[in-house]
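K.L.:
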Amino acid sequence: MKTVGVVDTAFSRVNLGSIAARALRDTGGSIRIQRKTVPGIKDLPVASLTLFREGADLVMALGMPGRAEYDKVCAHEASQGLIAAGLKVERPIVEVFVFEGEVENDRDLSELARRRTEEHALNAYWMLFRPEELSHRAGTGARQGFPDAGPSGSHRRKRGFGNGIAKYA
Amino acid sequence: MKTVGVVDTAFSRVNLGSIAARALRDTGGSIRIQRKTVPGIKDLPVASLTLFREGADLVMALGMPGRAEYDKVCAHEASQGLIAAGLKVERPIVEVFVFEGEVENDRDLSELARRRTEEHALNAYWMLFRPEELSHRAGTGARQGFPDAGPSGSHRRKRGFGNGIAKYA
Amino acid sequence: MKTVGVVDTAFSRVNLGSIAARALRDTGGSIRIQRKTVPGIKDLPVASLTLFREGADLVMALGMPGRAEYDKVCAHEASQGLIAAGLKVERPIVEVFVFEGEVENDRDLSELARRRTEEHALNAYWMLFRPEELSHRAGTGARQGFPDAGPSGSHRRKRGFGNGIAKYA
Amino acid sequence: MKTVGVVDTAFSRVNLGSIAARALRDTGGSIRIQRKTVPGIKDLPVASLTLFREGADLVMALGMPGRAEYDKVCAHEASQGLIAAGLKVERPIVEVFVFEGEVENDRDLSELARRRTEEHALNAYWMLFRPEELSHRAGTGARQGFPDAGPSGSHRRKRGFGNGIAKYA
Amino acid sequence: MKTVGVVDTAFSRVNLGSIAARALRDTGGSIRIQRKTVPGIKDLPVASLTLFREGADLVMALGMPGRAEYDKVCAHEASQGLIAAGLKVERPIVEVFVFEGEVENDRDLSELARRRTEEHALNAYWMLFRPEELSHRAGTGARQGFPDAGPSGSHRRKRGFGNGIAKYA
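This is the structure:
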């Protein structure tokens, strides 16, 4: 039995925490899920530490930065904080950020958010229970939320969802 | 009884600390407020630590960066410092920054400052006393100071104040 | 009796440390001053720690970044280091940076440097001996070296020196 | 006998970890290799710490950031995290990042990735077993993956592979 | 007797470590020099820590970032790491970075590298043995490698080498 902390935000426009929790359960792994919601992405680093202190073996930190330039600065600060938090406790934090600006409309945003979160939940499961699954995928150009880039020199393989959602620019 | 540290700046052009203190009292929560004013936003991280050492369970750090490019750099440094401070003591710091450049005149600035501070005070209250209120708002596109963005795919809901203040650009 | 560390640089084109020391004495506070000069601003963070270990209750870290783009990067790195140093020892560092590019000629540079340093020395004095002075100034738009911006909605008050020195851009 | 941790990513489009492991073995040094694969480059800092805690004397952290602007931000965050991780345990992390944007097609990408990884594996070997090899190369303008720049004032020497791959811009 | 750690890189196109070592000996100070060479500037922070653990009282960290935009990012990361390393052990690191882009040809690069390194070696000597020399130079506009800027309001004094090398832009 492993504990996964799942922390998301009220700022996000998609309930990423619920998607993550469902996807973690769908892995079939022996996982206890501990959830928490904070106002915005800058609150994720400290909340992640709290979840670790409450017993989490890994934390999924989920957020959806807005379209403004300032939102990108906040995401950068939050990412640095998440890495610092992980280094403090020496346990992994799987960052799942979905930028509003990656897609053009709400429908694509919901789809992207769902796919990326599900694929990162699978990553979290593999990190805890089946690290060999990640080893097998070393250098395969895996992407979360968009079609896989595939290994260099190959016809691009698709692991996931090859549905033409605009690539992040 | 919980203690909330409230630290603001002399640099700010609105008395954010007083607004925060009043809003915290208005929540009706059993809150002891510990106040402190520093010269500018770069002084907030160390002052926040001091408030934690004096017993704060959560700190609200309030500042108003100016319009110049350099002010944004200072805000970025202050934000990184606040996250580092929170990670050190493993307790939450609610950052409330109101940029002068978000609005065009003093009247809108005062309004924005009041609304954002009040809504963040409510967030602070929820974090300490009613975390389930934040859980209910996961993924709802909550904003502080501006109308809520609302969840993806919805007609945009407004939690707060839908009054046409220019959106931060 | 409080000890204030004063650290400045050989790189600076104005003797900021001497101005700070004189201004601290002029406050009339019971202050022991401990001085130190380092080559450049990136040396300020470690030197500040040294001053704290030698007994300083607060450190004033003074520097004058040049006009080049690279100088701004160095100032940014120094500022982050000063915040990290303050967080390590949990004592305040009053950063006093005067950018050559804030003004157009040497006369204005000397004036700006003197005023900003003097006003920050007063801030340092207040932080150590009279924190209520800072509390009274919360949200008043105080500036160091330039005229105060004043509170939002007011006719702009001037605390200091309303002499038309070009505003930092 | 020394232990080298080798951590790479599933995001990378070339199996950098395998190249590194082979190149480490080819040095003939008495090296035990401990491998690990994580989803992306932001996961490298914590994974490096884990490898150190499991006994690594040095870690090679390998990643391949994509072409988008955001990928560069992620690489920057990952680099800062790797330096912080190295400072925490006080042991060296050899960062091997190959940016997709350094070259124009997949063939050159595979070649660049192989060469840079092999040359950094040699660096890692020298750091652990033959530091004098690095001392001999002080100031020689050594590059990994591209031809050496050579010492200033010399006809540019080539240590490695002078095959005209486009220089990183 | 003081120990100075001198760490440089194979990436540099000038043997900065040798220049530094010679200049330190030329000061006549009672200095033991401990040398080390690493592949590139990002390896300097951890190597500096190692030199401190082996007894260094001060470390000179020398590097030569290339002309590409990415090289500046690496230099920024290395600088932040050097400051963090200094803060960890609370001892000074004298950073000596010479950017290829500061000058236009190899001859000027070699000259600049030599002068800046020599002047920083003198700074290192003063920091350890004669801090009053730095105090005397507070606010004098000292520069390393280029002519001194001189104090504000003065006819610009030249401490060093007034030979018209292009100013860093």
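If you're matching them up, the sequences are chains A, B, C, D and E in order. 1 is the number of the first residue of the first sequence in the numbering used here; add one for each residue after it. 1 is the number of the first residue of the second sequence in the numbering used here; add one for each residue after it. 1 is the number of the first residue of the third sequence in the numbering used here; add one for each residue after it. 1 is the number of the first residue of the fourth sequence in the numbering used here; add one for each residue after it. 1 is the number of the first residue of the fifth sequence in the numbering used here; add one for each residue after it. By construction, the Cβ of each residue, glycine as well, lies at the ideal position given by its N, Cα and C atoms. A quick note: this is a predicted structure, and the numbers were derived from the prediction, not measured.
1. Can you give me, in chain order, the residues of the region 7-30 of chain E that have a beta carbon less than 8 Å from any beta carbon in chain D?
2. State the Cα-Cα distance for the pair A:Ser-172 and C:Arg-22, rounded to the nearest angstrom.
3. Please classify D:Pro-65 as buried or exposed, where buried requires at least 16 neighbouring CB atoms within 10 angstroms.
4. Run the proximity test for B:Lys-72: is its beta-carbon closer than 6 Å to any non-hydrogen atom belonging to the ligand SAM?
5. Give the interface partners of C:Gln-34 over in chain E, defined as CB-CB distance under 8 Å, in chain order.
6. Which chain D residues sit within Cβ distance under 7 Å of A:Thr-140?
7. Might you give, ordered along the chain, the residues of its own chain that have their beta carbon closer than 6 Å to the beta carbon of D:Thr-140, omitting 5 neighbours on each side?
8. Check the DSSP bridge columns for B:Gly-63 and list the partner residues they point to.
9. Identify each residue in the region 87-120 of chain A for which the Cβ-Cβ distance to at least one residue of chain B is less than 8 Å, and report them in chain order.
10. Against chain E, with Cβ distances strictly below 7 Å, would C:Glu-54 count as a contact?
11. Please report the straight-line C-alpha distance between C:Val-96 and D:Ala-113, rounded to a whole angstrom.
12. Relative to chain D, which residues along the region 70-84 of chain E have a C-beta separation below 7 Å, given in chain order?
13. Suppose you measure from the CA of B:Lys-2 to the CA of A:Cys-74; what does that come to, to the nearest Å?
14. In whole angstroms, what is the alpha-carbon distance linking C:Val-177 and E:Thr-50?
15. Is the beta carbon of C:Glu-100 less than 7 Å from the beta carbon of C:Arg-67?
16. Can you find a C-beta in chain A that's less than 7 Å from the C-beta of D:Pro-39?
17. Cβ atoms of E:Lys-36 and E:Val-7: under 7 Å apart, would you say?
18. Considering Cα atoms alone, identify which of E:Leu-128, E:Ser-154, E:Trp-126 and E:Thr-9 is closest to E:Leu-44.
19. Contact criterion: CB-CB distance below 7 Å. Does B:Ala-149 meet it with respect to chain A?
20. Applying a beta-carbon distance threshold of less than 8 Å, which residues of chain B neighbour A:Val-46?
21. Buried or exposed: B:His-76, going by 16 or more other Cβ atoms within 10 Å of its Cβ?
22. Since E:Ile-33 sits in a beta bridge, which residues does DSSP pair it with?
23. So, does the CB of B:Leu-49 fall closer than 7 Å to a CB anywhere in chain C?
24. Is the separation between the beta-carbon of B:Val-4 and that of B:Ile-33 shorter than 7 Å?
25. Are any of the Cβ atoms in chain F nearer than 7 Å to that of C:Arg-137?
26. According to DSSP, simplified to helix, strand and coil, what is C:Val-38?
27. Would D:Leu-58 pass as an interface residue toward chain E - the criterion being a Cβ-Cβ separation below 7 Å?
28. I'd like to know whether the C-beta atoms of D:Gly-55 and E:Val-46 end up nearer to each other than 7 Å.
29. Under a Cβ-count criterion, where at least 16 other Cβ atoms within 10 Å of its own Cβ denotes burial, should D:Asp-71 be classed as buried or exposed?
30. Can you name the residues of chain B whose CB is closer than 9 Å to the CB of C:Gly-153?
31. Run through the DSSP bridge pairs and tell me what C:Thr-9 is partnered with.
32. Are the C-beta of E:Leu-134 and some C-beta of chain C separated by less than 7 Å?
P.N.:
Inspection of the coordinates gives the following:
1. Only those residues of the region 7-30 of chain E whose C-beta falls short of 8 Å from the nearest C-beta of chain D are listed: Asp-8, Thr-9, Ala-10, Phe-11, Ser-12, Arg-13, Val-14, Asn-15, Leu-16, Gly-17 and Ser-18.
2. Outside the modelled stretch of chain A, which goes from 1 to 169, sits residue 172 of chain A, for which no answer is possible.
3. So D:Pro-65 counts as buried.
4. Among the components modelled here there is no ligand, and therefore nothing to report on the ligand SAM.
5. Near C:Gln-34 there are no residues of chain E at all, since even the closest Cβ is about 12 Å away, more than 8 Å.
6. The CB of A:Thr-140 comes closer than 7 Å to the CB of Ala-10 in chain D, given here in chain order.
7. Closer than 6 Å at the Cβ level, and outside the excluded window around D:Thr-140, lie Pro-151.
8. DSSP, once it has assigned bridges, lists B:Phe-97 as partnering B:Gly-63.
9. If the cut-off is 8 Å between Cβ atoms, the region 87-120 of chain A has Lys-88, Asp-106, Arg-107, Leu-109, Ser-110 and Ala-113 near chain B.
10. So, not an interface residue.
11. Each residue's Cα considered, the two are about 46 Å apart.
12. Answer set for the region 70-84 of chain E: Tyr-70, Val-73, Glu-77, Gln-80, Gly-81 and Ala-84.
13. Their backbone Cα atoms lie some 28 Å apart in a straight line.
14. For residue 177 of chain C there is no data in the structure shown, the boundaries of chain C being 1 and 169.
15. For C:Glu-100 and C:Arg-67, yes; Cβs fall inside 7 Å.
16. Chain A, which has a Cβ nearer than 7 Å to the Cβ of D:Pro-39, makes this yes.
17. Yes; because the gap between Cβ atoms is below 7 Å, this pair is in contact.
18. Shortest Cα-Cα distance from E:Leu-44 to any of E:Leu-128, E:Ser-154, E:Trp-126 and E:Thr-9 involves E:Thr-9.
19. Judged by the 7 Å Cβ criterion, B:Ala-149 is in contact with chain A.
20. Chain B residues near A:Val-46: Ile-83, Gly-86, Leu-87, Glu-90, Arg-91, Pro-92 and Ile-93.
21. So B:His-76 counts as buried.
22. Beta-bridge pairing by DSSP links E:Ile-33 to E:Val-4.
23. For B:Leu-49, at least one C-beta of chain C is nearer than 7 Å to its own C-beta.
24. Yes, these two residues count as a Cβ contact at 7 Å.
25. This model lacks chain F altogether, as its protein chains are A, B, C, D and E.
26. Residue state, collapsed to three classes: strand.
27. No, no contact with chain E.
28. It is not a contact, given that the beta carbons lie outside the stated cut-off.
29. Burial of D:Asp-71 is indicated by the presence of at least 16 other C-beta atoms within 10 angstroms of its C-beta.
30. Within chain B, the residues near C:Gly-153 are Arg-13, Val-14, Asp-106, Arg-107, Leu-109 and Ser-110.
31. For C:Thr-9, which the question treats as bridged, DSSP gives the partners C:Val-38.
32. Yes, its Cβ sits closer than 7 Å to a Cβ of chain C.
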